[in-house]
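Under our numbering, residues 2 to 169 are what the sequence shown spells out, in order.
For every residue, glycine included, the Cβ atom is placed at its ideal position computed from N, Cα and C.
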Amino acid sequence: MTTNPNIERAARAIAAAVVHGTSGDPALEAAQTLDELGLLAPSTDPFMTPGRNRPAASPAAVAALDQCRRAKGIADTTRAQTDGMPGEPDVSAVAGEVRIVVHPKSLADWRQWMHALGVGDARADSNAVSMTVRCTYSGVRARLVGVGVPALYGEQLARRGRRTAVRP
2 MTTNPNIERA
12 ARAIAAAVVH
22 GTSGDPALEA
32 AQTLDELGLL
42 APSTDPFMTP
52 GRNRPAASPA
62 AVAALDQCRR
72 AKGIADTTRA
82 QTDGMPGEPD
92 VSAVAGEVRI
102 VVHPKSLADW
112 RQWMHALGVG
122 DARADSNAVS
132 MTVRCTYSGV
142 RARLVGVGVP
152 ALYGEQLARR
162 GRRTAVRP
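Put into structure tokens, the structure is as follows:
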């Protein structure tokens, strides 16, 4: 149970607006009644005060917002386009960038991802756990993260070393 003393007043105001309301929108009447009773929290945005105008957004802010929207749209379509690709991708949009995280089982799977995204000669960074390839995908910045890829390359190098050591 709540300990808010305004719950009872709010419930009575909503019921009165629904039962005895005169407009065609009882929800709006209920909200206006709650506001008149002081039960709604006032806006904390100083630019929403009457007589104050919100300043225009800077061109850089508008461009960043557009980049974020585009990345979100590309991420949403990429999820559908990557069905059937290896490694069960996790696709998201973060800070105006599409992020695709995969868990390839082989280097062939990893190469398939790189080919599908057109990142053959993109810059890659690697740590002990994953390899990250930064590129542009469908006109937005993208990051392909292959979890376990460094270990796959390590296995390949170890196999080549064993073959070389066996040869006389």
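Neighbour flag for residue i against chain B, beta carbons, 8 angstroms
| i | result |
| --- | --- |
| Asn-7 | Here there is only one protein chain, and chain B is not present. |
C-alpha gap between residue i and residue j, whole angstroms
| i | j | result |
| --- | --- | --- |
| Gly-39 | Glu-9 | 14 angstroms |
| Pro-56 | Val-150 | 48 angstroms |
| Arg-161 | Asp-110 | 19 angstroms |
| Thr-78 | Val-130 | 28 angstroms |
| Asp-67 | Ala-125 | 26 angstroms |
| Tyr-138 | Ala-62 | 22 angstroms |
| Pro-6 | Ala-58 | 41 angstroms |
| Arg-13 | Trp-114 | 59 angstroms |
| Met-86 | Pro-60 | 38 angstroms |
| Leu-158 | Ser-127 | 16 angstroms |
| Asp-1 | Ala-16 | Within the shown structure, residues of the chain are numbered from 2 to 169, placing residue 1 beyond reach of any answer. |
| Glu-156 | Ala-81 | 32 angstroms |
| His-116 | Gly-140 | 16 angstroms |
| Arg-112 | Lys-106 | 11 angstroms |
| Arg-70 | Thr-4 | 41 angstroms |
Contact check, residue i vs residue j, beta carbons under 8 angstroms
| i | j | result |
| --- | --- | --- |
| Ala-72 | Ala-94 | yes |
| Ile-101 | Val-146 | yes |
| Val-1 | Ala-31 | Absent from the model: residue 1. The displayed extent of the chain is 2 to 169, so no value can be given. |
| Leu-118 | Leu-153 | no |
Beta-bridge partners of residue i, as assigned by DSSP
| i | result |
| --- | --- |
| Val-103 | Gly-147 |
| Ser-127 | Met-132 |
| Arg-142 | Glu-98 and Thr-137 |
| Asp-84 | According to DSSP, which records beta bridges pairwise, Asp-84 is partnered with nothing at all. |
| Asp-91 | Val-102 |
Beta-carbon proximity list for residue i, same chain, < 6 angstroms, skipping 5 on both sides
| i | result |
| --- | --- |
| Arg-142 | Glu-98 |
| Leu-41 | Leu-35 |
| Ser-24 | Glu-30 |
Neighbourhood of residue i by C-beta, 7 angstroms cutoff - its chain only, sequence neighbours within 5 removed
| i | result |
| --- | --- |
| His-179 | Outside the displayed span of the chain (2 to 169) sits residue 179, for which this structure offers no information. |
| Val-120 | Val-134, Cys-136 and Leu-145 |
| Asp-91 | Val-102 |
| Thr-83 | Pro-90 and Val-92 |
| Gly-22 | Glu-30 |
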